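Okay, so here's the structure we're looking at.
Pasting the structure below:
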């Protein structure tokens, strides 16, 4: 029996961590994050030698600006160093001198032992205090302090580089967001340069490269050198116009000067705090790892501008909470969560840290009323720790913290990987729209300010990202950033509205400001509610591009940005989901880019009204349920209203595909239905026939045909009879009658009708339930529809069209429901879906989709960003079922993906059309490779590079079947569509009249519409039914003209000949009774060509030197 203490510990674990596994994962991770402080011998030697060297440096007399570079060359003749001036030369005559530092201290996380191991080297920060006599009180003006600091930094670099006994290489570094740009050449905010010292491997005594650390020298000045009245929070408000023109420092710049003097005081404060809390160091490790994975805290990767001090800020917030009432006995996880709560709730307010004995106290010098939000005043009372961090970056920190808290509040989720393992530093993973903007356009503050003002309530916040900290050689000029990423987080409720309302004419000043901001786009309009206001109206076509168009226009108008200077990541996906313009112009009645799915849904509603109005049916029609991708807005292509009169003439066969949309009809109950499957089938056929006779009379121009399935369907009790309806609007529907008694009769038939029962359930129950779920939630998420379409397009392009589209919709739904803030753009949703596929451990974990819980959520919970929770007991049952399934089938050949909903805990609804184990492996590798390419290229990714992700590799197939594009009704949907391939070389389609001439080859299909007719897919299905044990085929159903094939590897091996092998064989050796045979690949290829006469151009055997990453690799 457990003791009382053990019971209390278990209870606390359950209440605090929500999951005992999460607690164990944290405990296992923490030791791996701690550096080995006990094995730093070479580092200690290097630091001691460096300290001795700094104490013995010579003094250089003051020289004017023009002679500063020469002064360094004369003092250190063997070294060439370029002074890293932060901008243009400051005005006036000022002396630049050098003297040995007054004091040298180790600061930062290394002496506190709170450093966290990460991909980049650990920082060992050294504070070097510059002598006070080098500066004057007025040096805070016009960038003089920054210039003198840069000279001192260059002198230190030259002295260290000229001392070979130190065994150190020297480089300059500018923190993330501080690298000079063409637009900020004279900016001095956060432009302070630090020295990075790296070991030389030829001197073993000081070679600390194995310890994965770098030494960074930060310059400081004595506290009190500059009076607080010149650096306080009210300084910016007191600057005159003349001083501002001369470059008077802003509050952020003043704070950076103050920060240089407070590193030692902050170290003392943090050390005192850490000594009183045993879990302080571990909490710091959790916070820094969390921040680094989200692009906060600098480093060598993309990070939010101004976030270089984020890790220090998190440590100070932790100390603040401990002094503000958080218990010193809290665990590291409790402290971690407390800091996240502070970021989410209190970061935008004003907070004051408590002063402790032993550090300077300036609380009396600056009154609390002078501070303005957002603000976190340090314990000395002199510095706002949030100064210099843009509002967009602070909002990003708060949003990341809120999302993490929401994730922790959901029991049973894999919060550990998402918090501490998965890399989310790229803005493409966390923002909705990301643009790569040329650095010459404007400063990052100006970019964010203009974009936020333009978007208004459409955006929650705007942030800028750069490539991380930049280092350069001491003999090179300071580098310039080529581009900055402008990232937008959109508000789903307002992002896509068409009208931007401005002030009324009565507000003359406001109206003038609005017109000046928007320019020619602004116009005075009267609206239906009687208001007359200035407004900007955006076209409904391409509604998802409205936020991008707004930002582009404003940057062009107010920042002079050319079209090439602003490159949106989402623009690279344009055209992937649209038919070629030449095809849509001749085949479609309407422009689908303007109407979207509205046309097919209107046709569906018209058909429903006509069906309900039919008079003369023996039983009344009580329900019509849609069960088609297009009717829930998730089909890859928006169904165009086909011009039926042009079939066979103006519309080429390669664009004649007419999709059939499934409907489920329910009739009123009656006791007169027969009690036998064959009789029920006959009764349904009679109903179909009656409807087929009546519909053309009710809908002018429509056509209804009864379609009977194969006669063999009676063998297992299943049938695929249906009513095929073609409307004059150019849409086709496939209606089936659902009779509940069929399920009971199929269940009674036992194993003989097991497959038929599964098909019946999937056709009438599962599909309708899934359609209702997806159609409900796609109305909540503005980017869900297009994200599904992109993922399906990508999957099909990888020649995996046989994977059930419903499974892919559930994958996307999981992505949208697992985030407290769902993606508001298709590009963001697509990337997150690919990342989920790449990271999902499908062998051991079922994918839980809490769709029905999301449907039942209240509006308040949805707006608050609360995650829909999958029932814990149901999740445990699903996981147990998965373990049982894997124990029965360790190779996962039966079912690879297990995607679970509340109504399908076994994940069996679409299992028959899921990927095999080899296909799931290949899809995971493909998704991972696609994610890596997208994240590497970033927002500047071109459309050609995006298309390369959608282009499959064919080298890993055994053979390729090339199809004739002119006989493929869906060839126009192909990414490789070539108009010349379907054009008539000799103008076979010439007519008597020139205006009726067609540029396409003569039709083979005739003028009658053929709903759901797809030559390519039907041919693949035929081959698979004939050669299912011999080969496996892969095909892009959306216009693919190549079928990839793999031989069954077991049939390629030699085996003794015997009758009835079941496949075509050819002798390969042996004699007499030991005659050996193998699969006759040549004969099978010839048989495929024979079966595909008129369709197949040729069968190509592929010489495989090694399987690459592809859909069929290893199948």
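Numbering (the UniProt record's numbering), first residue to last: 1 to 1115. Idealized CB from N, CA, C, for every residue including glycine. Note that this is a predicted model, so its numbers are computed, not measured.
Considering residue 173, what are the terminal residues of the beta strand (DSSP E) in which it resides?
168-174
Since residue 483 is in the alpha helix (DSSP H), which residue starts that stretch and which ends it?
From DSSP, residue 483 is part of no alpha helix (DSSP H) but of the beta strand (DSSP E) over 483-490.
Using DSSP's beta-bridge definition, name the partner residues of residue 662.
734
Going by other Cβ atoms of all chains shown within 10 Å of its Cβ, with 16 needed for buried, is residue 238 buried or exposed?
Model confidence at residue 238 stands at a pLDDT of 42, short of 50, so the residue's coordinates are unreliable and nothing is read from them.
Do you know offhand how far residue 513's Cα is from residue 453's?
12 Å
Those residues which DSSP pairs with residue 1056 across a bridge
1076
With C-beta atoms as the reference, is residue 821 less than 8 Å away from residue 399?
yes
May I have the straight-line CA-CA distance separating residue 853 from residue 927, to the nearest angstrom?
28 Å
Counted within 10 angstroms of its Cβ, other Cβ atoms place residue 1088 as buried (16 or more) or exposed:
buried
CB of residue 640 within 8 Å of CB of residue 732, strictly
no
I'd like to check one pair, residue 560 with residue 533: are the Cβ atoms closer than 8 Å?
no
Do residue 339 and residue 318 have their C-beta atoms within less than 8 Å of each other?
yes
N-terminal and C-terminal residue of the beta strand (DSSP E) that residue 105 is part of:
103-107
Look at the alpha carbon of residue 677 and the alpha carbon of residue 671, and state the distance between them as a whole number of angstroms.
15 Å
Quick one: residues in its chain with C-beta nearer than 8 Å to the C-beta of residue 647, no 5 flanking neighbours on either side, listed in chain order?
656, 1003, 1005, 1006, 1007, 1008, 1009
Helix, strand or coil for residue 896? Go by DSSP, reduced to three states.
coil
Measuring CA to CA, which of 1100, 82, 123 is closest to residue 147?
82
Do residue 778 and residue 633 have their C-beta atoms within less than 8 Å of each other?
yes
Short check: CB of residue 544 to CB of residue 496, under 8 Å?
yes
Nearest-angstrom Cα distance between residue 304 and residue 293?
12 Å
Taking buried to mean at least 16 other C-beta atoms within 10 Å of its own C-beta, is residue 384 buried or exposed?
buried
Quick check: the Cα distance between residue 1056 and residue 797, rounded to an integer number of angstroms?
40 Å
Which runs of the beta strand (DSSP E) spanning at least 3 residues fall entirely within the stretch 567-641, listed in chain order?
621-626
Start and end of the beta strand (DSSP E) containing residue 125?
122-129
So, is residue 924 buried or exposed, given that buried needs 16 or more other C-beta atoms within 10 angstroms?
buried
With C-beta atoms as the reference, is residue 61 less than 8 Å away from residue 102?
no
Here's the rule I'm using: 16 or more other beta-carbon atoms within 10 Å means buried, otherwise exposed. How should residue 604 be labelled?
buried
Between the C-alpha atoms of residue 713 and residue 748, what's the straight-line distance to the nearest angstrom?
Caution is warranted here: a pLDDT of 46 is assigned to residue 713, below 50, making its placement in the model unreliable, and the coordinate value is therefore given only provisionally. Taking the straight line joining both Cα atoms gives about 17 Å.
Tell me whether residue 1081 sits in a helix, a strand or coil according to DSSP, three-state version.
helix
Could you tell me the distance, in whole angstroms, from the CA atom of residue 263 to the CA atom of residue 484?
30 Å
Just checking, does the stretch 388-405 make contact with the stretch 438-449 on the three C-beta pairs under 8 Å criterion?
yes
For residue 1101: DSSP bridge partner residues:
959
Just grab the DSSP bridge partners of residue 375 for me.
350
Let me check understanding here. Comparing Cα to Cα, which of 282, 819, 440, 257 lies closest to residue 115?
282
Assuming residue 1102 and residue 957 make a contact with CB atoms under 8 Å, what is their CB distance in whole Å?
5 Å
Taking the alpha-carbon positions, what's the residue 1059 to residue 905 distance?
46 Å
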